[in-house]
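Protein sequences, first through last, are from chains L and H. Adding 28 to a residue's 1-based position in the first sequence gives its number in the numbering used here. Adding 553 to a residue's 1-based position in the second sequence gives its number in the numbering used here.
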Amino acid sequence: MNGLPIVRRARPLLGTLVEIGVVRDVAAERAAAAAAERAIDAAFARVAALQERLSRFVPSSDIGRFNAAPEGARIDIGTDARTVLDAAAKLRDASDGAFDVTLGSGAWAWRADARGLHKLAAGVSIDLGGIAKGHAVDCAVAALVGAGIGAGWVNAGGDLRAFGALALPIDLRDEIGGGVWRFATIEDGAFATSRRVDRDGNARHASVAAPQCLWADALTKIVVASGDATHPLLARFGARAWLHAARSLAAA
Amino acid sequence: MRVVLTGTIAAVAAAAPVGAFAVDYLTLEQAAQLIFPDADRFETRELALDASQLQTLEAEGVRGRSARWSLRIARRGDATLGVVVADAVVGKFELISYAVGIDREGAIRQVEILSYRESHGGEVRLPAWRRQFVGKTAAAPLRVGDDIANISGATLSCTHITEGVRRIVAVVALARRNGSLGW
């Protein structure tokens, strides 16, 4: 791993830190450095554009407009919102409403189709925080590949994806005591971690690996909600999961 | 997709010592060049806010925090392109330094993270822990395991950075208004 010519940048986006790393083409040293910077810029720009369209904190975003709309409204949405909402609907339906982008305000009170996003009840609001970061990572990876980058990674606050000839070491953060420990390496795949504390103060901490980060990100919520690291939905999306509550709780 | 676990879950759960984590992305000079690639030089200007200026910031809803700021003015020939300001914020476990580039009109051009350091334990709040990183640059990296490791965790908020960026924008606006930047 050491000695790979890596260009690594990070910017605050999506309410967290987004890190992009690319392996430079050593054959064309100077040109490669500039090309890497341009590719990283393009990938960050893609993430920033997604944030403008999907963030509930941006009133003009697809989600901001939905949340402000009255019952019965139909909101025009872009392809990114459609992709994320279609995935969210699939997981909601398959999990009997446990995966809920409305955070309890009306899991079944919205519908996305070719005509737009329909608001089926007053007061329902959407927050894509549990799934959009994963999609943003997938889009940033696509931007890097489109710019000719052969290998690298994108990490949005722990939702990450590696691509190309690269085994990316993953450290898990100890959410309670601080510090990290080495968990795995991943090649050509995505990895995400979530934590959920229930009403009794019990914390569950889970990670999911999947081919795409959208599914890794979203499926962590299913795993922490169900406490089931062998949940049947995982296999449907080619994913694997791990629960690691014990260590964080021990540290508390 | 290929995932190789470093240890069994049981071994991970039992492992007592956890490591630290640190990445150096850019020096302030490198970040300034990236943010203002057309600049032919950067002039350092020290800004000292007086009590009334700090009060003005407070009135704008920005806690001044520091009275002293070091600014890098981006110039090309006689023209001023903007300014780059570096700052560091402390989170629950992490110390993050970053640079903000602001254009002539006072708009944010870019925010680049310079370095990220995560402590194991509460040391991040100890001045002694933070002091060890003063003056460290990408040329003299303080890496814990010189590899490309990535952190996956459930919570990493950039609220502190967002607040810090807002503070810097307000400080630069104040400096422009009172003529300290010369443009």
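Here a beta-carbon is modelled for each residue, glycine too, at the ideal position from N, C-alpha and C. Because the structure is a prediction, the values reported are computed rather than measured.
Counting other Cβ atoms within 10 Å of its Cβ, H:Arg684 stays below 16 and is therefore classed as exposed. Using a 10 angstroms sphere on the CB of L:Val75, the tally of other CB atoms reaches 16 or more, which defines it as buried.
For L:Phe191, none of the residues of chain H pass the 9 Å Cβ criterion, the least Cβ distance being about 10 Å. Looking from the CA of L:Gly43, the closest CA among H:Arg729, H:Glu658, H:Ser710 and H:Gly717 belongs to H:Ser710.
At a cut-off of 8 Å between C-beta atoms, H:Arg616 does not count as an interface residue with respect to chain L. If you ignore the 5 residues before and after L:Asp114, its C-beta comes within less than 7 Å of the C-beta of Ala140, all in its own chain and listed in chain order. As the crow flies, the alpha-carbon of L:Ala67 is around 34 Å from that of L:Phe127.
Along the stretch 718-732 of chain H, the positions whose C-beta sits under 8 Å from a C-beta of chain L are Val718, read in chain order. Burial state of H:Val615 is buried, judged by a 10 Å Cβ sphere holding 16 or more other Cβ atoms. The beta carbons of H:Ala627 and H:Phe589 sit about 4 Å from each other, so the pair counts as a contact at 8 Å. Closest option to H:Ile661, judged by alpha-carbon separation, among H:Ala641, H:Val637 and H:Glu647: H:Val637.
In the DSSP assignment, the residues bridged to L:Thr44 are L:Leu41. Taking 3 residues as the shortest admissible run, the stretch 146-200 of chain L contains the following complete beta strand (DSSP E) segments, listed from N- to C-terminal end: 180-184 and 187-191. What L:Glu99 touches in chain H, judged by beta-carbon distance under 7 Å, is nothing: the nearest beta carbon there is about 33 Å away. If you draw a straight line from the Cα of L:Ala231 to the Cα of L:Val225, it is about 4 Å long.
Assignment of L:Thr248 by DSSP, reduced to helix, strand and coil, places it in the helix class. Apart from sequence neighbours up to five positions away, the residues of its chain that approach L:Asp166 with a beta-carbon distance below 7 Å are Arg189, Gln240, Cys241 and Leu242, ordered along the chain.
Within the stretch 196-232 of chain L, the complete beta strand (DSSP E) runs of at least 3 residues fall at 196-201, 208-215 and 217-225. Contact check for L:Ala253 and L:Ala269: beta-carbon distance about 12 Å, past the 8 Å limit, so the pair fails to qualify. In chain L, no part has a C-beta under 8 Å from the C-beta of H:Ile661; the shortest such distance is about 11 Å.
Going by beta carbons, L:Gly186 and L:Thr221 fall inside the 8 Å limit. Cβ atoms of L:Ala234 and L:Val251 come within 8 Å of each other, at about 4 Å.
A distance below 7 Å between beta-carbons, with the five flanking residues on each side excluded, links H:Ala723 to the following residues of its chain, in chain order: Leu610, Glu613 and Val615.
Here L:Glu99 is exposed. Its C-beta has fewer than 16 other C-beta atoms within 10 Å.
H:Asn703 is bridged by DSSP to L:Ile198. Around the beta carbon of L:Phe219, 16 or more other beta carbons lie within 10 angstroms, which makes this residue buried.
Going by DSSP, H:Gln663 is part of the beta strand (DSSP E) stretching over Ile661 to Glu671. Taking a beta-carbon distance threshold of 8 Å, H:Glu671 counts as an interface residue toward chain L. About 6 Å separates the Cβ atoms of L:Ala122 and L:Leu261, confirming a contact at the 8 Å cut-off. Residue L:Gly266 holds the alpha-carbon nearest to the alpha-carbon of L:Ala237 among L:His259, L:Arg223, L:Asp228 and L:Gly266.
Using beta-carbon distances, L:Ala179 does not count as an interface residue toward chain H, since no partner is under 8 Å. Distances from the alpha-carbon of L:Asp90 to those of L:Arg39, L:His146 and L:Ala60 put L:His146 closest. Sequence-distant Cβ neighbours of H:Arg720 in its own chain, meaning closer than 6 Å and more than five residues away, are Val615. Of the residues assessed, H:Gln606 falls on the buried side of the cut-off, its CB having 16 or more other CB atoms within 10 angstroms. Taking a 10 Å sphere around the C-beta of H:Asn731, we find fewer than 16 other C-beta atoms and assign the residue as exposed.
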